[in-house]
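Q: Residue numbers (the numbering used here), protein chains in the order written: chain A, 1 to 101; chain B, 102 to 762; chain C, 763 to 995.
Quick reminder that beta carbons are idealized off the backbone N, C-alpha and C, glycines included.
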Amino acid sequence: MTVDPVWFVALSAVLFAIGAAGVLVRRNALVVLLSIEIMLNAGNLALVGFSRVHGAHDGQVFAITVMAIAASEVVVGLGIVVALSHMRRELDTDELAELHG
Amino acid sequence: MMDIQTAAWIAYLAPLAGVLIIALGGSKLAPKVAGLVSCLSVFVAFAASITALIKWNSVDERERGVVSTAWTWLSTGTFKVPFEILIDPLSLWMLMIVTGVGLLIHIYSLGYMAGDPQFRRFMAYLNLFVFSMLTLVLAGNFVFLLVGWGLVGMASYLLIGFWHDRPTAVEAAKKAFIVNAIGDVSIMLGIFLIFRETSELSFARVFEKLPEVVGAGSGTAFMISLLLLGGALAKSAQLPLHTWLPDAMEGPTPVSALIHAATMVTAGVYAIARLHPVFDLSIEAQKLIFIIGGLTLIMAGFTALSQTDIKRVIAYSTMSQIGYMFVAAGIGAYGAAMFHLATHAFFKALLFLGAGIVIHALGDEQDIRKMGGLRKHMPKTYALFLIGSLALAGVIPFAGFFSKDEILAFTLAAGDVYGGWAYAAYGLAVAGAILTGLYGFRLVFLVFHGPESVLVKRYARGEITHHGHATNEHGEAPRSMFTPVAILGLLTTVAGFLAVPGLTNVPHEFLRQAEAAPTREALEAVELSTSEAWLLALVVVLTIAVVGIGLAFIMWGKGPRTRSTKAGGRMIAALEPISQHAFGWDKLYHTIFVRPAQGVAMFVRRTDEVVTLPLLEEVEVAARQSSQGIGKAQSGLVRVYAFGTALAMLAVIAAFVWIKG
Amino acid sequence: MIDVPGAPFEVLLFGLFALLAIFGAIRVVTASDPFISALSLLFNFVSLGVLYLMLDQPFVALAQILVYAGAVVVLFLFVIAYLGDRRELAGDAVRARMLTPFAIVGSLALGAMLMGVIIAAKFPSTLDELPKTKAGFTFGSPRAIGEIFLTDYVLAFEVTSLVLLVAVIGGIVLGLTGRARHDRLRKLMQTRSADQQKKLVEQEERELKDRRRAQRAGGVTGSSTGTTKETTS
Numbered sequence: 001m002t003v004d005p006v007w008f009v010a011l012s013a014v015l016f017a018i019g020a021a022g023v024l025v026r027r028n029a030l031v032v033l034l035s036i037e038i039m040l041n042a043g044n045l046a047l048v049g050f051s052r053v054h055g056a057h058d059g060q061v062f063a064i065t066v067m068a069i070a071a072s073e074v075v076v077g078l079g080i081v082v083a084l085s086h087m088r089r090e091l092d093t094d095e096l097a098e099l100h101g
Numbered sequence: 102m103m104d105i106q107t108a109a110w111i112a113y114l115a116p117l118a119g120v121l122i123i124a125l126g127g128s129k130l131a132p133k134v135a136g137l138v139s140c141l142s143v144f145v146a147f148a149a150s151i152t153a154l155i156k157w158n159s160v161d162e163r164e165r166g167v168v169s170t171a172w173t174w175l176s177t178g179t180f181k182v183p184f185e186i187l188i189d190p191l192s193l194w195m196l197m198i199v200t201g202v203g204l205l206i207h208i209y210s211l212g213y214m215a216g217d218p219q220f221r222r223f224m225a226y227l228n229l230f231v232f233s234m235l236t237l238v239l240a241g242n243f244v245f246l247l248v249g250w251g252l253v254g255m256a257s258y259l260l261i262g263f264w265h266d267r268p269t270a271v272e273a274a275k276k277a278f279i280v281n282a283i284g285d286v287s288i289m290l291g292i293f294l295i296f297r298e299t300s301e302l303s304f305a306r307v308f309e310k311l312p313e314v315v316g317a318g319s320g321t322a323f324m325i326s327l328l329l330l331g332g333a334l335a336k337s338a339q340l341p342l343h344t345w346l347p348d349a350m351e352g353p354t355p356v357s358a359l360i361h362a363a364t365m366v367t368a369g370v371y372a373i374a375r376l377h378p379v380f381d382l383s384i385e386a387q388k389l390i391f392i393i394g395g396l397t398l399i400m401a402g403f404t405a406l407s408q409t410d411i412k413r414v415i416a417y418s419t420m421s422q423i424g425y426m427f428v429a430a431g432i433g434a435y436g437a438a439m440f441h442l443a444t445h446a447f448f449k450a451l452l453f454l455g456a457g458i459v460i461h462a463l464g465d466e467q468d469i470r471k472m473g474g475l476r477k478h479m480p481k482t483y484a485l486f487l488i489g490s491l492a493l494a495g496v497i498p499f500a501g502f503f504s505k506d507e508i509l510a511f512t513l514a515a516g517d518v519y520g521g522w523a524y525a526a527y528g529l530a531v532a533g534a535i536l537t538g539l540y541g542f543r544l545v546f547l548v549f550h551g552p553e554s555v556l557v558k559r560y561a562r563g564e565i566t567h568h569g570h571a572t573n574e575h576g577e578a579p580r581s582m583f584t585p586v587a588i589l590g591l592l593t594t595v596a597g598f599l600a601v602p603g604l605t606n607v608p609h610e611f612l613r614q615a616e617a618a619p620t621r622e623a624l625e626a627v628e629l630s631t632s633e634a635w636l637l638a639l640v641v642v643l644t645i646a647v648v649g650i651g652l653a654f655i656m657w658g659k660g661p662r663t664r665s666t667k668a669g670g671r672m673i674a675a676l677e678p679i680s681q682h683a684f685g686w687d688k689l690y691h692t693i694f695v696r697p698a699q700g701v702a703m704f705v706r707r708t709d710e711v712v713t714l715p716l717l718e719e720v721e722v723a724a725r726q727s728s729q730g731i732g733k734a735q736s737g738l739v740r741v742y743a744f745g746t747a748l749a750m751l752a753v754i755a756a757f758v759w760i761k762g
Numbered sequence: 763m764i765d766v767p768g769a770p771f772e773v774l775l776f777g778l779f780a781l782l783a784i785f786g787a788i789r790v791v792t793a794s795d796p797f798i799s800a801l802s803l804l805f806n807f808v809s810l811g812v813l814y815l816m817l818d819q820p821f822v823a824l825a826q827i828l829v830y831a832g833a834v835v836v837l838f839l840f841v842i843a844y845l846g847d848r849r850e851l852a853g854d855a856v857r858a859r860m861l862t863p864f865a866i867v868g869s870l871a872l873g874a875m876l877m878g879v880i881i882a883a884k885f886p887s888t889l890d891e892l893p894k895t896k897a898g899f900t901f902g903s904p905r906a907i908g909e910i911f912l913t914d915y916v917l918a919f920e921v922t923s924l925v926l927l928v929a930v931i932g933g934i935v936l937g938l939t940g941r942a943r944h945d946r947l948r949k950l951m952q953t954r955s956a957d958q959q960k961k962l963v964e965q966e967e968r969e970l971k972d973r974r975r976a977q978r979a980g981g982v983t984g985s986s987t988g989t990t991k992e993t994t995s
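1) Give me, in chain order, the residues of the same chain whose beta-carbon lies closer than 6 Å to that of leucine 175 of chain B; leave out the 5 immediate sequence neighbours on both sides.
2) Select from the region 894-917 of chain C all residues with a C-beta closer than 9 Å to any C-beta belonging to chain A, and list them in chain order.
3) Classify threonine 419 of chain B as helix, strand or coil using the three-state DSSP reduction.
4) Does the region 27-47 of chain A come into contact with the region 9-17 of chain A, if we say contact requires no fewer than three beta-carbon pairs (one atom in each stretch) closer than 8 Å?
5) Check whether chain A comes within 8 Å of glycine 853 of chain C, counting only Cβ atoms and requiring the distance to be less than that.
6) Determine, for valine 238 of chain B, whether the minimum Cβ-Cβ distance to residues of chain C falls below 8 Å.
7) Looking at the structure shown, is proline 863 of chain C part of a helix, part of a strand, or coil, going by DSSP?
8) Pop quiz: glycine 369 of chain B and leucine 334 of chain B are said to be a contact at Cβ under 8 Å. What is the actual Cβ separation, rounded to whole angstroms?
9) Please classify alanine 109 of chain B: does DSSP put it in a helix, a strand, or coil?
10) Taking the alpha-carbon of isoleucine 655 of chain B as reference, which of B:Val695, B:Phe546, B:Gln729 and B:Arg559 has the nearest alpha-carbon?
11) Near leucine 539 of chain B, what residues of its chain come up, given a Cβ to Cβ distance below 6 Å and the 5 sequence neighbours on each side ignored?
12) Quick one: measure Cβ to Cβ for leucine 782 of chain C and serine 809 of chain C, integer angstroms, because I've assumed they're closer than 8 Å.
13) Valine 75 of chain A CB to nearest chain C CB: under 8 Å?
14) Is the Cβ of alanine 843 of chain C closer than 8 Å to any Cβ of chain A?
15) With distances taken from CA atoms, which of B:Gly501, B:Leu382 and B:Phe486 is nearest alanine 438 of chain B?
16) Could you list which residues in chain B have their beta carbon closer than 8 Å to that of valine 14 of chain A, in chain order?
17) Are valine 167 of chain B and threonine 364 of chain B closer than 8 Å when you measure CB to CB?
18) Assess, as a yes-or-no matter, whether the region 211-224 of chain B is touched by the region 269-288 of chain B under the definition of 3 or more beta carbon pairs within less than 8 Å.
19) Who are the near neighbours of phenylalanine 779 of chain C in its chain, counting only those whose CB is closer than 6 Å to its CB and skipping five residues on each side?
20) Does the Cβ of isoleucine 423 of chain B have 16 or more other Cβ atoms within 10 Å, making it buried, or fewer, making it exposed?
21) Taking a cut of 8 Å between CB atoms, which residues from the region 731-762 of chain B lie near chain A?
22) Using the beta-carbon count (16 or more within 10 Å), is proline 347 of chain B buried or exposed?
23) Using the rule of at least 16 other Cβ atoms within 10 Å of the residue's Cβ for burial, across every protein chain shown, is lysine 971 of chain C buried or exposed?
24) In or out: phenylalanine 180 of chain B buried (at least 16 other Cβ within 10 Å) or exposed?
25) Would you mind stating whether alanine 63 of chain A and serine 869 of chain C have Cβ atoms separated by less than 8 Å?
26) Helix, strand or coil for isoleucine 731 of chain B? Go by DSSP, reduced to three states.
27) Tell me where the beta strand (DSSP E) around alanine 171 of chain B begins and ends.
28) Measuring alpha carbon to alpha carbon, tell me which of B:Ala322, B:Ala462, B:Met103 and B:Ala752 ends up nearest phenylalanine 583 of chain B.
29) Out of A:Leu11, A:Glu73, A:Ser51 and A:Met87, point me to the one whose CA is closest to leucine 927 of chain C's CA.
30) For the beta strand (DSSP E) containing isoleucine 188 of chain B, name the first residue and the last one.
31) If contact is defined by three or more beta carbon pairs under 8 Å, each pair taking one atom from either stretch, is the region 819-833 of chain C in contact with the region 893-905 of chain C?
32) What residues match up with alanine 240 of chain B in a beta bridge as DSSP calls it?
33) Kindly indicate if chain B contains any beta-carbon less than 8 Å away from that of threonine 65 of chain A.
34) Could you check which residue in A:Ser12, A:Glu37, A:Phe8 and A:Val66 has the C-alpha nearest to that of valine 835 of chain C?
35) Give the single residue among B:Val307, B:Gly320, B:Ala362 and B:Ile393 whose Cα lies nearest to the Cα of leucine 342 of chain B.
36) Hey, quick one: how far does the alpha helix (DSSP H) through leucine 78 of chain A stretch, first residue to last?
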């Protein structure tokens, strides 16, 4: 393996930062969800990279579980978005600010 | 065939089973069934204790007693406290008394408390008490002695305050518990001291080790004895921790009979006898014991003379008689003390239960000024009550005579050891005996003799009703109440013959085995011979009894207040208030303890109102305002929250990096 | 996995797909049309899949393609298409306007810090011989994953299935619309026995009959006032 797995982990850091920026900057609920997916995948990448480094399967198993959970989360999240749209609400996270103190 | 340990354990645990069954059955058990269960459990206990007694002969003579361990209750490293019971003559003696008299009183309660809406609770509590007392009596080490000690106090509290909607009963229960708590602390400290000196807690080993590590007559020995004595004083209602006993009469009469006559109050005497190797080490403590006993018996006897509540008279009588037991225990005549304990249990329970019959018949009336001439209408009860009173006064052939006789004889002989103190105690005991005859028969004459009072006449006509029935419908008392009283009457009559001087000597012989409660060496000479001390005591006791009874007859024989001379009348008028207020002990304690405590409580309450609460309100307002201010930071914008999270994460990573270098 | 000689090939491969992944990610975050965002995400996922392959983990790569690229992205696309045109108003952040630059800076800082940590950290040397599992399956193979899932991590396995079940139910409930949802929810929450059901049906029929009769009566007399005694059967 001539490509040091460290690079993969470094790549995951970059992707994570990009995803984070997306979550914090964009206001469209769907885009926010997509950015979250990017972050999750970045995490998966790191897991897989480390799994390769140590030669253990734990990372892979973890990554697969994360995938399943992420899929579930997307289902529910999109369900909420759809419900919101049925209520004729704006999909702007800044507008959906009813939980204020 | 059963061995002695099994018998003892059965006797011990049967009442516990009774409590549990009744408690778990709750309202599903019919009252009759509950009553049956409770009586049955005590019956089993009694039968088992007889078995144990029989089996005692098969125990090896050289043993100090049979110690039976159930399991190791506490174990840390090398220190172990097993759950052990000690079976020796002393515990067997108490076992028989507790279960026997307990059984009779249980049966009596079936009749006395019938119809009470809380009947099941009462029977359960009675069983609980028997179990607690057995714990105390059978304990093989100091830990379980304490456990029994506390359990008995709790049972007493529960039973005194049984009719808990009566404020007087509640007050009395509290008072009893608090005074006993003082005693509990005292005995606990004593046990701590013992442990500190010997690092042992089981009786056998402590008794071996204590004389070695603590010198006889040393300050430590005195301290330990004093502290243990404190507990005994509280439990047995002796000076100065006696104020709770008269008030404890608020409880139902069977309770008074069982706990405050026959068993619990004798726990102090038992404790002194059981722990006698400790007390043997300090002559000063022994003096203190019998002096307190002497003072108490005089004071109580004197107080009983002016009481108007039938139960209070008997209560003070109990206090007085226990004073006699303390005198005996103090001088080291443990056999005599325990013998008097047994006979007292019989005749005092007899008196209380008889009083209960009278109270029941007259519609819960306890004031003797309203009674009189009852013997015409309740001849059988009168006869039994008379037997009890004769025993109390010390008239032959009833049991009280023999036991009192012994105590007086020993006390006189103890003059060799203790000098003047013993003679003083002897004088007090004699005077006290006169008083005993006096107040005992005052009670008899005022209740049963003389002209019939209005109340008694109403009873005769059947006008007094209880649960719809006239109280004189079925004879003087229902069988469940009468039979135990009759049995006690029989016991009172015959029990005395266990220790006829010169002929039988059962209590001493029995208790001396296994060094359970041997009479002190100095006094041993007395019990072995028919010396002049015996004859003197014989004559003295009889004379005293006759004098007392005679005086009582003169003064009250034909009804209340038939005084003989004017001078006598004036003297009585002067002394009466002292007697009525029981020498002012209650008032004293009230001033010393209760008032200051109330003062402190008021002060604290005032401080709370003025200082603490306004302060706390300020804190509340401040908190609310600040939280409202902070609340404004919650914008509801998801992005802002997410940003906060991201920042936090940055900070955490930075911290990690910085720390890990 | 790759036995082909020529080290630069792997580096090239890595570089290419890493860049594609980053490109995709940036496009997701910056595109104004959510549809484009979703498609860019697809790019990202596939690239990552390839990267997983490069790390000798074929099963994870496969799962990535099947689950993420094949299901999640498709779900997104469906929803986006269903919702129609919801283009975000460009740059009109009325509230928290100041947040955007800070957010970007913060993210950059985060990324930089993570990079720094990774570069500074000491990684153990890469294994050349990849160990087999206890049951003797090769590293990364489906069999190996299966074995681990069913022995060491069986709890995670079961719990995950539960989570999926919950998500499915949640999705269904959230997806019910309007009156259909109301009725269906009501029906879902009521459990009735067989006789209760029968009684309900009878009652509904009776009501229907009454309504029809009232209609007919009202039609004839013209009004429904008056106390006409009805003999109910």
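A: Looking at the coordinates:
1) Val182
2) Thr895, Phe901, Gly902, Ala906, Ile907, Glu909, Ile910, Phe911, Asp914 and Tyr915
3) helix
4) yes
5) Confidence at glycine 853 of chain C is low in this model, with a pLDDT of 46, below 50, so its placement is unreliable and the value that follows should be read with caution. It does not; no Cβ of chain A falls within 8 Å.
6) no
7) helix
8) 6 Å
9) helix
10) B:Phe546
11) Gly649, Leu652 and Ala653
12) 4 Å
13) yes
14) no
15) B:Gly501
16) Those within 8 Å of valine 14 of chain A in chain B number zero; the least Cβ separation is about 15 Å.
17) no
18) no
19) Ser809, Val812 and Leu813
20) buried
21) Ile731, Gly732, Lys733, Ala734, Gln735, Ser736, Gly737, Leu738, Val739, Arg740, Ala743, Phe744 and Ala747
22) buried
23) exposed
24) exposed
25) no
26) helix
27) 167-177
28) B:Ala462
29) A:Glu73
30) 180-188
31) yes
32) B:Ile186
33) no
34) A:Glu37
35) B:Ile393
36) 58-86
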